[in-house]
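**Q**
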Amino acid sequence: MADTVARNLNSIKSLYHYLTTETEDEETGECYFYRNVFKKIKLDKKEETDSRRASKIHSLTLNEGEITDFVEFLKTEY
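Read in numbering that gives the first Met the number 0, the sequence shown has 0 at position 1, and its numbers run on one by one without any break.
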């Protein structure tokens, strides 16, 4: 849950940065926002080791046996 909240906050912070520094209105040439309210928000970057990241990804992927079982399920029961 905390990862989801952190990702959403990072996304919103990036959006505000984009709208205040990178874009402008086509008619007036003015930026969409003059003040980036998310600039003051400090978000802790959670450092993660490569092995921890690999283990998280591995837990989300199907291994060879699970793939075979899944294909059999699709063929016979779905």
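Where is the CB? At the ideal position from N, CA and C, for every residue including glycine.
(1) Tell me the rounded alpha-carbon separation between V36 and E25.
(2) For I11, which residues of its own chain have a beta-carbon under 8 Å away from its beta-carbon, when the five flanking residues on both sides are left out?
(3) Look at the alpha carbon of E71 and the alpha carbon of N62, and state the distance between them as a whole number of angstroms.
(4) One question on the structure: do L18 and F32 come within less than 8 Å of each other, judged by their Cβ atoms?
(5) Would you list, in sequence order, the uninterrupted alpha helix (DSSP H) runs of no fewer than 4 residues that lie entirely inside the region 45-69?
**A** Per the coordinate set shown:
(1) About 23 Å.
(2) Residues F37 of the same chain have their beta carbon placed closer than 8 Å to that of I11, with the five preceding and five following residues left out of the count.
(3) Cα-Cα distance, rounded: 14 Å.
(4) yes
(5) 49-59
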